[in-house]
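**Q** Sequential numbering from 2 applies to the sequence shown in this note's numbering.
Cβ atoms here follow ideal geometry from the backbone N, Cα and C, with glycine treated the same way.
This is the structure I have questions about; it appears just below.
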Amino acid sequence: MKKSLITLFLITSVLAFSEISVKKVPYESMIKSDDGIIFVEGDSVPYTGIIEKKSDDGRVEATFSIKDGKLEGIERNYFPNGKLKSEMSYKNGKLDGVSKVFSEEGVLLAEAYFTDGEPNGVSKEFYPNGKLKSEQNFSMGALNGPAKYFFESGKIYIISNYKNDTLDGKLTEYQEDGKVLQELLYEANQLSGLIKLYRDGHLEFETQYANNEKKWSI
């Protein structure tokens, strides 16, 4: 009998938790306070559950996961055909984790990582054909490290480097056939050093810069 009571208690607890975890309310009933806390109309307690946004014809456009009045978990947005448009991860009301954007055909178009609301880590963009368009490195909101950009064919277009959100170091631009078009040197977002321009892969002329000012050219 004691075992049966424990079993009954466990089943009841699971069912109660399931009801809470799948709680959904319409987007129109959502109210956001001045300090950004989300409530449901008529309720004084910060909302926990799922908020569902629908179109006039009843199609689900977006779902938001809320905990204690803040975005927590996954937000999903959908195309009119029902396919996933974007997926974003939140923690304590801020972007945290991976966020993804898709084309209507289901191709991944962008992927970025966030920490406490700031881009942090590698961010990538893709062409509709699925090939890589750009790859950048972020450190808590600021570009830091190598950044690469590509032609739609997949060939490299630009390789550059950032430091504290400014261009710093060498930037090389290529033609789609792989030949170098120009080589630039930056320091704190200003041209500084020997700049080289090429034609058909051959050096055409050089220019010396300092603090974004041309000093000489040959």
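Take LYS1 as the anchor and find which of ASP201, ASP69, ALA189, ASN190 has the nearest alpha-carbon.
**A** No statement about residue 1 is possible, as the shown extent of the chain runs from 2 to 219 and does not include it.
**Q** Which residue comes first and which comes last in the beta strand (DSSP E) that contains MET89?
**A** Segment 85-92, the beta strand (DSSP E) holding MET89.
**Q** Give every residue of the same chain whose Cβ lies closer than 8 angstroms to the Cβ of GLY107, excluding the five residues on either side of it in the sequence, and list them in chain order.
**A** For GLY107, where only same-chain residues beyond five positions count, the Cβ hits under 8 angstroms are LYS84, LEU85.
**Q** Can you grab the Cα-Cα spacing for the pair GLU249 / ILE160, in whole Å?
**A** With the chain represented from 2 up to 219, any question about residue 249 goes unanswered, as that position is not in the structure.
**Q** For TYR91 and GLY70, which I take to be in contact (beta-carbon distance under 8 angstroms), what is that distance rounded to the nearest angstrom?
**A** Actually they do not touch by this definition, with Cβ atoms about 12 angstroms apart.
**Q** Decide if MET89 is buried, meaning its Cβ has at least 16 other Cβ atoms within 10 Å, or exposed.
**A** Burial call: buried.
**Q** For TYR233, which of helix, strand or coil comes out of DSSP?
**A** Limits of the chain in this structure are 2 at one end and 219 at the other, which puts residue 233 out of reach.
**Q** Please determine, among LEU195, VAL99, ILE39, GLU126, the residue with the shortest C-alpha to C-alpha distance to PRO120.
**A** Ranking the options by Cα distance to PRO120, first place goes to VAL99.
**Q** Could you check where the beta strand (DSSP E) with GLN209 kicks off and where it finishes?
**A** Note, GLN209: beta strand (DSSP E), 203-211.
**Q** Which residue or residues does DSSP assign as beta-bridge partners of MET31?
**A** MET31 is bridged to VAL41.
**Q** With DSSP as the reference, label ASN82 as helix, strand or coil.
**A** DSSP places ASN82 in coil when its eight states are reduced to three.
**Q** Flag TYR128 as yes if its beta-carbon sits less than 7 angstroms from any beta-carbon of chain B, otherwise no.
**A** Of the protein chains in this structure there is only one, and it is not chain B.
**Q** Buried or exposed, going by whether 16 or more other CB atoms sit within 10 Å of the CB of LYS216?
**A** Exposed, since its Cβ has fewer than 16 Cβ neighbours within 10 Å.
**Q** Grab me the residues of LEU185's own chain with a C-beta within less than 6 angstroms of its C-beta, minus the 5 sequence neighbours each way, in chain order.
**A** Within the same chain, LEU185 has close Cβ partners LEU172, ILE196.
**Q** Count the other CB atoms within 10 Å of the CB of TYR28; is the residue buried (16 or more) or exposed (fewer)?
**A** By the 10 Å Cβ count, TYR28 comes out exposed.
**Q** Determine the burial state of ASP97: buried for a count of at least 16 other Cβ atoms within 10 Å of its Cβ, exposed for fewer.
**A** It is buried - the Cβ of ASP97 has at least 16 other Cβ atoms within 10 Å.
**Q** Consult DSSP for GLU105 and reduce its assignment to one of helix, strand or coil.
**A** In this structure, GLU105 counts as coil in the three-state DSSP scheme.
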